[in-house]
Amino acid sequence: MKTAVVVVDMINDFVSGTLKCESASKIIPNIQRLLNFVRKKKIPVIYTNDTHLPDIDEEFEIWPQHALVGTKGAEVIEELKPVKGDYIIQKRRYSAFFGTYLDLLLRELKVDTLVLVGLVTNVCIQNTAADAFFRGYRVIVPEDCVEAVNEEVQKAGIEYMKTIYGCKITNVDELMKKELVQE
Numbered sequence: 026m027k028t029a030v031v032v033v034d035m036i037n038d039f040v041s042g043t044l045k046c047e048s049a050s051k052i053i054p055n056i057q058r059l060l061n062f063v064r065k066k067k068i069p070v071i072y073t074n075d076t077h078l079p080d081i082d083e084e085f086e087i088w089p090q091h092a093l094v095g096t097k098g099a100e101v102i103e104e105l106k107p108v109k110g111d112y113i114i115q116k117r118r119y120s121a122f123f124g125t126y127l128d129l130l131l132r133e134l135k136v137d138t139l140v141l142v143g144l145v146t147n148v149c150i151q152n153t154a155a156d157a158f159f160r161g162y163r164v165i166v167p168e169d170c171v172e173a174v175n176e177e178v179q180k181a182g183i184e185y186m187k188t189i190y191g192c193k194i195t196n197v198d199e200l201m202k203k204e205l206v207q208e
């Protein structure tokens, strides 16, 4: 098993900006611990960041303008900034796979298992989990490293990923203790 951690949309506009997820701050310490742990083990870290073009993006028919290319809102939050050796992929849709080179990168890295962390559980995390499942990846979601706009939606997203895509649902401590020891 070769694992990569995919950090989804931990950007300023989702943590404190235009599309703020009110409870996003509670997962930051857990993601920090996980990233410190996996970097020491040389497990790849891949950031997939929502990034949009002003005015023309179809997503703006659903959501207000956010994560505009070249703005502070589209940047990873200070607490989780990428470090040398991390990978950064800009995405324009909910899934980190759609229209990006994520699948190619994972195959080049010989990764077969993804740990998904970040925002928002029932949107970008769930859509990325779906596309990972469709491509044959094993998916692990530490539920204390993902967050949604409210508890009901959080639980529904977690249950959906577990039931429909066979995602392993765990927490950051169990993940570091059991799942990542074979790396």
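Letter by letter, the sequence shown follows residues 26 to 208 in my numbering.
A virtual CB, placed ideally from N, CA and C, is assigned to each residue, including glycine.
For clarity, every value in this text was computed on a predicted model and none was experimentally measured.
- Check whether G143 and V178 have beta carbons under 8 Å apart: For the purposes of this step, residue 143 is identified with residue 118 of the sequence shown, where counting begins at 1. For the purposes of this step, residue 178 is identified with residue 153 of the sequence shown, where counting begins at 1. The answer is no: Cβ separation not under 8 Å.
- Cβ neighbour criterion (16 or more within 10 Å) applied to T73: In the sequence shown, the residue the question calls residue 73 occupies position 48. Result: buried.
- Query: In whole angstroms, what separates the C-alpha of T127 from that of F158?
  - Reply: Working through the sequence shown from its first residue, we reach residue 127 at position 102. Working through the sequence shown from its first residue, we reach residue 158 at position 133. The sequence given here places Leu at residue 127; Thr does not occur at that position. Pairing L127 with F158, the inter-Cα distance amounts to about 14 Å.
- Message: Checking the sheet assignment: what are the DSSP bridge partners for N55?
- Response: Mapped onto the sequence shown, residue 55 falls at position 30. BP columns for N55 are empty, so no partner.
- Exposure label - L60; buried when at least 16 CB within 10 Å: Locating residue 60 in the sequence shown gives position 35, where the first residue counts as 1. Burial call: buried.
- Query: By Cβ distance, which residues of its chain are closer than 7 Å to A49, with the 5 residues on each side in sequence left out?
  - Reply: Taking the first residue of the sequence shown as position 1, residue 49 is located at position 24. Answer for A49: F39, V40, L144 and E172, listed in chain order.
- Are there 16 or more other CB atoms within 10 angstroms of the CB of M26, so buried, or fewer, so exposed? Position 1 of the sequence shown, counting from 1, holds the residue named residue 26. With a threshold of 16 other beta carbon atoms within 10 Å, M26 falls short and is exposed.
- Message: Considering only DSSP beta bridges, list what A29 is partnered with.
- Response: Reading the sequence shown from its first residue, position 4 is the one you call residue 29. In the DSSP output, where bridge partners are listed per residue, A29 has L139.
- Item | E83 to E104 span [Cα, whole Å] | Walking along the sequence shown from the start, residue 83 turns up at place 58. Walking along the sequence shown from the start, residue 104 turns up at place 79. Their backbone Cα atoms lie some 30 Å apart in a straight line.
- Label D80 either buried or exposed according to how many other C-beta atoms from any shown protein chain fall within 10 Å of its C-beta, with 16 as the threshold for buried. As a position in the sequence shown, residue 80 is number 55, starting the count at 1. Here D80 is exposed. Its C-beta has fewer than 16 other C-beta atoms within 10 Å.
- Query: Just to check, is the beta-carbon of L134 closer than 7 Å to a non-hydrogen atom of the ligand FAD?
  - Reply: This structure lacks the ligand FAD, and indeed carries no ligand of any kind.
- Task: Can you say whether A29 is buried or exposed, counting buried as having 16 or more other CB atoms within 10 angstroms of its CB?
- Result: Here residue 29 corresponds to residue number 4 of the sequence shown, with the count starting at 1. Buried, since its Cβ has 16 or more Cβ neighbours within 10 Å.
- Is DSSP giving E208 helix, strand or coil here? Position 183 of the sequence shown, counted from the first residue, corresponds to residue 208. Because E208 carries a pLDDT of 47, less than 50, the predicted location of this residue cannot be relied on, and no value is offered for it.
- Message: So if DSSP puts L93 in a beta bridge, which residue, or which two residues, is it bridged to?
- Response: Taking the first residue of the sequence shown as position 1, residue 93 is located at position 68. According to DSSP, L93 bridges with H77.
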